[in-house]
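So the protein lines, in turn, are chains A and B. Under this note's numbering, the very last position in the first sequence is 367; numbers go up by exactly one each time. Under this note's numbering, the very last position in the second sequence is 270; numbers go up by exactly one each time.
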Amino acid sequence: MASFIEPIQLKQSLGDDGILFVRNDSILDTMVKTPLLVASMIIVAALLPIQSSFSSPRDLDLIIYPDGSTHISTEIDIDPFLTDYELNLFGSTIDNLVVVGDDEFLLDTSIMDDSVLIQTFGSSVITIDYDIHDLVSKQGRLWTFSLDSPSNFTLLLPKNSAIVGMINLPINMEIINDQNQLTLSPGKTEIDYLFSNTISIPDPKIETNYFSYAIIGGVLIIILIGSVIIIRTKQKNHKSVEDNLTTKKSTTLDLETIFKLKSDLREDDKELVKFIFNNGGEALESELRKKFLQPRTTMWRAVKRLEREGVIEIEKKDLQNLVKLRKNMEDEE
Amino acid sequence: MKKLALFAIIVLIFGTVSPSLVDGAYAQNDPSILLSIAVQADKQIVNQLDRVYGDQIPNNLQILYDKGHGAVYSLDESLPNDIEKAKQDFLLAMNSFMQISRIISQSSEKVVVVVVVSDKSNRDLSNELDRLVNYVKSLETISKKYDTDTESDFIKIYDLIQELRQQVNDLNEVNVGIKKIKIILDSIKNDIRESAIEQRSDFIKQFFDRLLDQIDKLLTKAQNDGVDQIQIDKGHELILEIRELLSKNQINDAKVVYLELKELMKNIGYSIHIT
Chain A
35 MASFIEPIQL KQSLGDDGIL FVRNDSILDT MVKTPLLVAS MIIVAALLPI QSSFSSPRDL
95 DLIIYPDGST HISTEIDIDP FLTDYELNLF GSTIDNLVVV GDDEFLLDTS IMDDSVLIQT
155 FGSSVITIDY DIHDLVSKQG RLWTFSLDSP SNFTLLLPKN SAIVGMINLP INMEIINDQN
215 QLTLSPGKTE IDYLFSNTIS IPDPKIETNY FSYAIIGGVL IIILIGSVII IRTKQKNHKS
275 VEDNLTTKKS TTLDLETIFK LKSDLREDDK ELVKFIFNNG GEALESELRK KFLQPRTTMW
335 RAVKRLEREG VIEIEKKDLQ NLVKLRKNME DEE
Chain B
-4 MKKLALFAII VLIFGTVSPS LVDGAYAQND PSILLSIAVQ ADKQIVNQLD RVYGDQIPNN
56 LQILYDKGHG AVYSLDESLP NDIEKAKQDF LLAMNSFMQI SRIISQSSEK VVVVVVVSDK
116 SNRDLSNELD RLVNYVKSLE TISKKYDTDT ESDFIKIYDL IQELRQQVND LNEVNVGIKK
176 IKIILDSIKN DIRESAIEQR SDFIKQFFDR LLDQIDKLLT KAQNDGVDQI QIDKGHELIL
236 EIRELLSKNQ INDAKVVYLE LKELMKNIGY SIHIT
């Protein structure tokens, strides 16, 4: 029995009333140009996050002072076609408000209760810094921080403070200058903390598993490093005097030499270089931000400037930028 | 063709979903921090209970502590494999510890003092000065960028802060000093604004030009829609006034007049938005 499969798209059939049905797969081709479709979909995909990001904080960093007052630093993308922008503050007792737009252009503001009207006049990103006294309360020895945040935020707790309760999960925790810095998600946050002279170290019993892993890992790393050093030492023995000279040059330069080589560095950039130098020649960008109390983008620009100048180099370390003083600036000169 | 359309759809879906994917990945960043925080809180609670009650811990607190402490151990067991369980354990532990510390702070102190941090008299003056220094520094950075002649003012401010640090116990003296500093800072801010406006005047003028053209069109539309002619004329007058001020480089004055114009447009029901 011979049978064959007829391609369905070629099959034409007449309906009961004699209407000719034609299956046409090329309808998209005829109605829509493919590249146009692809381009428009990509544009839509690209614009969706931008649309939703207007007026939402790009960065939100909080620092709690020992007296419970809090410094807030935030950066917001705004519509550059607006003349002003009203921002809800996290309370009404505000001090030391500074709002800058693009190019650190100081913007005019007027505070109305717990909001501020900012005359943006074409700025696309605004950076807002202020101190607020409404976020922390104290009962007896117990301090409570409360915030309903619109976005992820970092919270730097005061020195010698210990968290004794919280109602939500932190995303991350780091230690910066002996202070706990938490990264928290949007929504309601409540953290109880108290000051203690003896901040406890996590229980060694509980940490046993991790310690054993760490010890095994450590031994493996030491073996690995040891073998690398042995191989390198052997290789070095064969190198010429010229190589030795190069090695000498690669030690970190002193501050005076750096500033002499880069005499046109800005004063604030020099301060950054000094800090990195005194910190053993390297520092995390987040450390620099905390030290100099600069918003993320301002510090990023400064770091990029120094990188362009050839003073530093940037490496990635645990998803963070590690800023290192370059060792071979003289070669570049 | 089909492949291209499929590709486009994938790009669209990925583009929409990717930001939430990134957040999700970040949210699981090193779950062992949960254990560190919980263990630290556990230790603090033990210290507090010891300090306040010694060996005679009230039953309700003991139950709460056992609950929290048990959750810390369970958290340790859950890590690193069962993250969801670890999160629940963390929240349970921290919630129990929070209740304990709140009960202790309410019941153990002879007089429970609820301090309102927003009340100025409760603030630490040395912290107040630290915050002021940060504020001064941020203004100093901006003023350097715009080359304002304010160096001597900043030196004066830093000297004043230095003096105030030595009188930190004298509330009145420090408050008077801070007021003095704030007055100088206000004048510095004005200088910075003037200087920044000078340097960015071209940008601001271009922005105003587009804005005023747009408002002009809106007024014409409003006229056609039958809005009161007096309001329309007033609007045109204000536009002229702003243009004149801009031509004389009086940008701050132009901004003030613009606010009046904006209010007028709002009153006649036309919102301003540059397109």
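Beta carbons are placed, not taken as given, at the ideal position from N, Cα and C, and that holds for glycine.
How many Å lie between residue i and residue j at the Cα?
i: L74/B; j: D93/A; result: 30 Å
i: P192/A; j: I128/A; result: 20 Å
i: G63/B; j: S27/B; result: 17 Å
i: T117/A; j: G156/A; result: 6 Å
i: Y141/B; j: H231/B; result: 35 Å
i: I112/A; j: D136/A; result: 11 Å
i: S242/B; j: L256/B; result: 18 Å
i: D78/B; j: N202/A; result: Reading off the sequence, residue 78/B comes out as Ile, not Asp. Between I78/B and N202/A, the C-alpha separation is close to 15 Å.
i: Q201/B; j: S31/B; result: 55 Å
i: I178/B; j: L151/A; result: 22 Å
i: F124/A; j: G65/B; result: 36 Å
i: Y265/B; j: Y119/A; result: 17 Å
Measuring only between beta-carbons, confirm whether residue i sits less than 9 Å from chain B.
i: Y119/A; result: no
i: F245/A; result: At F245/A, the pLDDT of 48 sits below 50, so the modelled position is not reliable; the number obtained from the coordinates is stated separately. Not one chain B Cβ lies under 9 Å of F245/A.
i: R323/A; result: no
i: L228/A; result: yes
i: N362/A; result: no
i: N130/A; result: yes
i: V159/A; result: no
i: R330/A; result: no
i: M146/A; result: no
i: P204/A; result: yes
i: V307/A; result: no
i: D95/A; result: no
Could you check whether the Cβ of residue i sits closer than 9 Å to any Cβ belonging to chain A?
i: Q35/B; result: yes
i: F149/B; result: no
i: A179/B; result: According to the sequence as given, residue 179/B is Ile; it is not Ala. It does not; no Cβ of chain A falls within 9 Å.
i: A274/B; result: Residue 274/B cannot be examined here, being either before or after the span of chain B that is shown, -4 to 270.
i: N170/B; result: no
i: N55/B; result: no
i: L127/B; result: yes
i: T145/B; result: no
i: K132/B; result: yes
i: Y253/B; result: yes
i: R238/B; result: no
i: L206/B; result: yes
i: D142/B; result: no
i: S242/B; result: no
i: K257/B; result: yes
i: L86/B; result: yes
What is the DSSP secondary structure of residue i, reduced to helix, strand or coil?
i: L356/A; result: strand
i: I84/A; result: Its pLDDT being 47, under 50, I84/A is placed unreliably by the model, and nothing is read from it.
i: K193/A; result: coil
i: Q153/A; result: strand
i: I263/B; result: coil
i: R92/A; result: strand
i: Y130/B; result: helix
i: N206/A; result: strand
i: D129/A; result: strand
i: Y141/B; result: coil
i: L287/A; result: coil
i: K285/B; result: Beyond the ends of chain B as shown, which are -4 and 270, falls residue 285/B; an answer cannot be given.
i: S219/A; result: coil
i: F229/A; result: strand
i: D182/A; result: strand
Verify whether the separation of the beta carbon atoms of residue i and residue j is less than 9 Å.
i: G221/A; j: V170/A; result: no
i: L206/B; j: I176/B; result: no
i: I162/A; j: T108/A; result: yes
i: H105/A; j: I166/A; result: yes
i: E349/A; j: L356/A; result: yes
For the beta strand (DSSP E) that residue i lies in, which residues bound it at each end?
i: F124/A; result: Unbroken run through F124/A: none, as it is neither H nor E.
i: S171/A; result: V170 to Q173
i: V159/A; result: V159 to I166
i: F149/B; result: From DSSP, F149/B is part of no beta strand (DSSP E) but of the alpha helix (DSSP H) over E146 to Q161.
i: L327/A; result: Unbroken run through L327/A: none, as it is neither H nor E.
For the alpha helix (DSSP H) that contains residue i, what are its first and last residues?
i: F139/A; result: Unbroken run through F139/A: none, as it is neither H nor E.
i: L306/A; result: E301 to N312
i: D186/B; result: L166 to Q194
i: S69/B; result: N54 to S73
i: K351/A; result: Run containing K351/A: none in the alpha helix (DSSP H); it sits in the beta strand (DSSP E), I346 to K351.
Cβ closer than 8 Å: which chain C residues qualify as neighbours of residue i?
i: T215/B; result: The question asks about chain C, but that chain is absent: this structure's protein chains are A and B.
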